[in-house]
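Beneath this line is the structure, given in structure tokens, with notes to follow.
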Amino acid sequence: CSRKRAFQIAKSFLPILEWLPNYRVKEWLISDIISGVSTGLVATLQGLAYALLVAVPVGYGLYSAFFPILTYFFLGTSRHISVGPFPVVSLMVGSVVLSMAPDDNFVIDGSNATGINSTGTLIDTESRDAQRVLIASTLTFLVGILQVIFGVLQIGFIVRYLADPLVGGFTTAAAFQVLVSQLKIVLNVSTKNYNGVLSIIYTLIETFEKIGTTNIADLIAGLLTIFVCMVVKGINDRFKHKIPIPIPIEVIVTIVATGISYAADLEKKYNAGIVKSIPRGFLPPEPPDVSLFSQMIAASFSIAIVAYAIAVSVGKVYATKYDYAIDGNQEFIAFGFSNIFSGAFSCFVATTALSRTAVQESTGGKTQVAGIISAGIVLISIVALGKLLEPLQKSVLAAVVIANLKGMFMQVFDVPRLWRQNKVDAMIWVFTCVASIILGLDLGLLAGLLFGLLTVVLRVQFPSWGGFGNIPGTDIYKKVKDYKNVIEPEGVKILKFSSPIFYANIDGLKSSLKSTVGFDAVKVYNKRLKALRKIQKLIKKGKLKATKNGIISEPGINNEAFETDEEPEDNEDLQVPTKEVEIQVDWNSELPVKVNIPKVPIHSLILDFGAVTFLDIVAVRSIKTIIREFERIDVRVYFASYQDNLISQLERSAFFDDIVRKDIFFLTVHDAVLYIRNQMTYSDNQDPIFEKISLMQESKEPMEFTEASRPDDELDVQEEVHTSELN
26 CSRKRAFQIA KSFLPILEWL PNYRVKEWLI SDIISGVSTG LVATLQGLAY
76 ALLVAVPVGY GLYSAFFPIL TYFFLGTSRH ISVGPFPVVS LMVGSVVLSM
126 APDDNFVIDG SNATGINSTG TLIDTESRDA QRVLIASTLT FLVGILQVIF
176 GVLQIGFIVR YLADPLVGGF TTAAAFQVLV SQLKIVLNVS TKNYNGVLSI
226 IYTLIETFEK IGTTNIADLI AGLLTIFVCM VVKGINDRFK HKIPIPIPIE
276 VIVTIVATGI SYAADLEKKY NAGIVKSIPR GFLPPEPPDV SLFSQMIAAS
326 FSIAIVAYAI AVSVGKVYAT KYDYAIDGNQ EFIAFGFSNI FSGAFSCFVA
376 TTALSRTAVQ ESTGGKTQVA GIISAGIVLI SIVALGKLLE PLQKSVLAAV
426 VIANLKGMFM QVFDVPRLWR QNKVDAMIWV FTCVASIILG LDLGLLAGLL
476 FGLLTVVLRV QFPSWGGFGN IPGTDIYKKV KDYKNVIEPE GVKILKFSSP
526 IFYANIDGLK SSLKSTVGFD AVKVYNKRLK ALRKIQKLIK KGKLKATKNG
576 IISEPGINNE AFETDEEPED NEDLQVPTKE VEIQVDWNSE LPVKVNIPKV
626 PIHSLILDFG AVTFLDIVAV RSIKTIIREF ERIDVRVYFA SYQDNLISQL
676 ERSAFFDDIV RKDIFFLTVH DAVLYIRNQM TYSDNQDPIF EKISLMQESK
726 EPMEFTEASR PDDELDVQEE VHTSELN
């Protein structure tokens with residue numbers, strides 16, 4: 026606890042204390058003023074336009090372009106983003122507003138009517154708009170609370186689950202939703218306000234059914250605005266190195282359109298839809314309607330995450346470009362308090378807009394001083410200039426929105442590139458886009474997130490694996506299927522399993538083991554037990570004799586061992602030599618009994634665990650089972666390239682015992698191979714069956730051989746098979 030520490034904590038919560046004392050007035054101030062004025066003009070127009078998406082009077086868009094900047098100036102860590110409305114987030118807010126305050130809730134009789142909806146029913150637009158503003162501001166307040174909570178709990182990492190393909194597909198779908206919602210305004214066609222699943226389809230159908238009622242004046246104004254804005258924006262992009270300040274085409278078009286509308290009196294002569302009323306000054310702050318929280322909590326959660334993700338992703342682009350860092354958790358807090366503050370002043374949710382941020386950065390903005398100056402320009406519009414924009418056609422504002430969607434629609438061309446680079450990412454992009462269009466933005470985002478997580482689970486559950494071999498003359502091991510010149514060490518199989526091992530993919534590990542070695546260890550063991558049982562019977566009957574050279578037929582006796590092995594047991598004691606004879610059974614050669622025993626061409630198995638980051642308890646027990654299954658058929662199992670944390674994890678899981686020791690673990694695959702070669706060089710290669718055959722020679726009593734069967738629970742297979750061993 027010290028003054029220095031207290032100041033550090035204050036700076037972490039108020040980043041302005043970090044950068045403002047170091048502000049270079051002479052170098053940066055002029056650039057920030059120019060940038061702020063340019064950005065403020067664009068923010069004014071976009072605020073008016075995006076209010077249409079929220080389904081509130083356009084004047085409230087000016088408030089949403091002003092208030093959030095005031096708090097972000099003190100709390101934000103990005104120096105370049107322009108805080109305010111964004112079409113995707115505005116549309117998400119609008120969907121909540123329309124679902125909670127549809128026109129049908131405000132139908133009245135003709136005497137008190139202030140408007141007519143798409144079906145010709147009389148509605149009270151003043152009450153409807155007031156309720157919609159209340160819902161939007163309450164939602165903004167709740168979103169701010171959630172964002173502050175996320176920031177305090179330090180869970181800014183949650184945005185990492187919104188992968189780039191998911192965000193690309195989602196924003197493209199949102200752009201399509203925005204286009205459809207603004208299309209009816211450009212055409213000045215009245216339709217119902219649809220929400221939920223397939224709402225965009227219903228809106229399109231009704232729009233085209235009523236396309237005959239299109240207002241030509243609005244349509245021409247909208248199309249001209251779209252064309253001019255897109256052409257000039259293309260010029261700005263193409264000659265951005267030669268033009269010091271981008272041409273503020275939205276501002277120019279709006280001024281010209283307002284003048285034409287006022288001079289030609291388009292509302293009265295052509296029944297054009299105009300803004301009509303923009304309140305001057307500010308409304309007093311109002312508390313949120315807490316009773317609405319329960320109806321909007323689910324939507325507010327998704328809006329809070331999307332708004333944060335958009336702001337942080339844009340902020341990181343410019344932070345990387347200008348070599349500074351932004352704090353994800355502090356951004357949550359900054360936007361949270363901005364939305365809480367602005368929610369009290371009848372605003373809707375704020376984040377950042379890509380085009381507006383690009384204007385702020387390209388016109389020379391160095392810090393958030395440019396942002397506060399842009400807020401000053403919006404303030405002038407609110408206090409003095411709002412009245413001048415009242416003759417402006419709504420179709421022009423809608424066209425400004427559509428013209429700014431070009432960048433999001435261009436993301437469609439990312440799909441072929443993604444398909445070539447990673448088909449799974451391309452599928453996430455397409456799935457999220459289609460789901461967001463069909464189901465709506467909130468459900469579509471959730472569906473895309475779940476689909477993305479499902480692809481991760483499937484890739485972990487079915488990972489890549491393969492047998493590895495050595496590149497001659499090196500200590501490098503590569504996959505046999507991918508490289509022609511690699512050689513598998515004699516009698517050794519090497520398997521690399523590229524995934525954490527847990528309950529969901531343990532069967533995949535067992536399957537890959539069988540494919541790599543070419544046999545099933547449990548079946549081999551059971552076949553050998555069956556063969557030993559038949560050999561014992563034949564030795565007792567005198568048809569076979571065990572010698573140090575192997576098992577042969579008695580002299581002078583026809584070798585009936587190769588005849589049927591289904592003859593009934595003879596209970597009569599047979600004269601079996603009791604002298605101990607040392608013999609070996611070569612399981613890979615032809616045996617004197619009719620038992621088809623799979624060949625085991627290896628003596629060692631190496632599991633490359635270089636890509637295994639963790640094991641759960643199911644995996645630990647199963648791997649121990651695998652070791653014992655292979656040990657019983659004389660195949661030693663080794664582990665290589667393991668990570669250090671796995672050893673401690675295995676120790677905690679009681680993995681090691683007298684049979685499974687730590688000396689089977691090696692730092693590299695090559696170390697394990699060298700150790701195996703050394704062991705095989707000095708080994709006497711004595712088969713463990715020697716001891717069993719020796720016991721046969723000493724006893725006339727039949728030995729008990731119990732065939733092991735695979736139990737239903739594969740985790741306990743070693744206990745089941747262990748009881749089948751020779752007594």
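Quick note on my numbering: the sequence shown kicks off at 26 and runs consecutively.
Using N, Cα and C, we set each Cβ at its ideal position, and we do this for glycine too.
How would you write the range of the alpha helix (DSSP H) that residue i sits in, first residue to last?
i, result
"Leu630", "Unbroken run through Leu630 is the beta strand (DSSP E), 629-633; no alpha helix (DSSP H)."
"Ile303", "Careful: Ile303 lies outside any alpha helix (DSSP H) and carries neither H nor E."
"Gly72", "50-79"
"Trp44", "41-44"
"Asp189", "189-212"
"Pro312", "First-last for Pro312: undefined, no H or E at that position."
"Met125", "112-125"
"Met321", "318-346"
"Ser103", "First-last for Ser103: undefined, no H or E at that position."
Within a Cβ cutoff of 8 angstroms, which residues of the same chain sit near residue i, ignoring the five residues on either side of it in sequence?
i, result
"Ala350", "Thr102, Ala344"
"Leu404", "Phe91"
"Ile133", "Leu147, Ile148, Asp149"
"Val643", "Phe527, Tyr528, Ile531, Leu740"
"Thr239", "Leu212, Asn213, Val214"
Use the C-beta contact count for residue i: other C-beta atoms within 10 angstroms, 16 or more gives buried, fewer gives exposed.
i, result
"Ile335", "buried"
"Val177", "exposed"
"Arg553", "buried"
"Gln179", "exposed"
"Met435", "exposed"
"Ser6", "Not covered by the structure: residue 6. The range shown for the chain is 26 to 752."
"Asn296", "exposed"
"Pro40", "buried"
"Ser673", "exposed"
"Thr499", "exposed"
Measuring CA to CA, which of the options is closest to residue i?
i, options, result
"Val278", "Lys506, Gly169, Thr250", "Thr250"
"Asn364", "Val114, Ile133, Asp439, Ala199", "Val114"
"Thr706", "Thr228, Leu417, Lys448, His628", "His628"
"Arg305", "Tyr85, Ser325, Ser399, Arg484", "Tyr85"
"Val485", "Ser678, Ile531, Ile462", "Ile531"
"Val455", "Asp57, Leu191, Ser152", "Leu191"
"Lys14", "Asn213, Ala378, Gly396", "This structure does not reach residue 14, given that the chain is present from 26 up to 752, and the question cannot be answered."
"Ser371", "Tyr663, Gln385, Glu311", "Glu311"
"Lys431", "Thr197, Asp129, Pro441", "Thr197"
"Ile160", "Val315, Lys217, Val276, Asp682", "Val315"
"Thr377", "Asp507, Ala68, Val184", "Ala68"
"Val50", "Ile658, Phe360, Val394", "Val394"
"Phe201", "Thr457, Val257, Phe166, Ala289", "Thr457"
"Thr638", "Asp669, Lys649, Trp612", "Asp669"
Which residues does DSSP list as the beta-bridge partners of residue i?
i, result
"Tyr663", "Ile631"
"Gln418", "Ile299"
"Thr163", "DSSP lists no partner for Thr163."
"Ile512", "Asn495"
"Lys565", "Looking at the DSSP assignment, Lys565 forms no beta bridge with any residue, so it has no partner."
"Gly361", "Bridge partners of Gly361: none, in fact."
"Phe690", "Phe664"
"Gly109", "Thr376"
Identify the continuous beta strand (DSSP E) that holds residue i and give its terminal residues.
i, result
"Trp444", "From DSSP, Trp444 is part of no beta strand (DSSP E) but of the alpha helix (DSSP H) over 439-446."
"Leu520", "517-522"
"Phe91", "Element bounds for Phe91: not the beta strand (DSSP E) but the alpha helix (DSSP H), 84-100."
"Lys503", "502-504"
With a threshold of 7 angstroms on Cβ separation, who are the neighbours of residue i within its own chain once the five nearest residues in sequence on each side are excluded?
i, result
"Leu42", "Ala35, Lys36"
"Pro464", "According to the sequence as given, residue 464 is Leu; it is not Pro. Once the five neighbours on either side are set aside, the close Cβ partners of Leu464 are Val222, Ala472."
"Leu208", "Thr232"
"Ser124", "Asn220"
"Arg30", "none"
Should residue i be flagged as near chain D, meaning a C-beta pair shorter than 8 angstroms?
i, result
"Ile631", "In the displayed structure, chain D is absent; only one protein chain is listed."
Using only the heavy atoms of the ligand MN, determine whether one of them is closer than 7 angstroms to the beta carbon of residue i.
i, result
"Ser325", "Absence of the ligand MN from the depicted structure is noted, as is the absence of any ligand whatsoever, leaving it without description."
Looking only at its chain, what residues have a beta carbon closer than 6 angstroms to the beta carbon of residue i, apart from the 5 residues adjacent to it on each side?
i, result
"Pro82", "Asp154"
"Lys539", "Asp545"
"Ala428", "Ile251, Cys254, Met255"
"Asp450", "Pro190, Leu443"
"Val645", "Ser678, Phe680"
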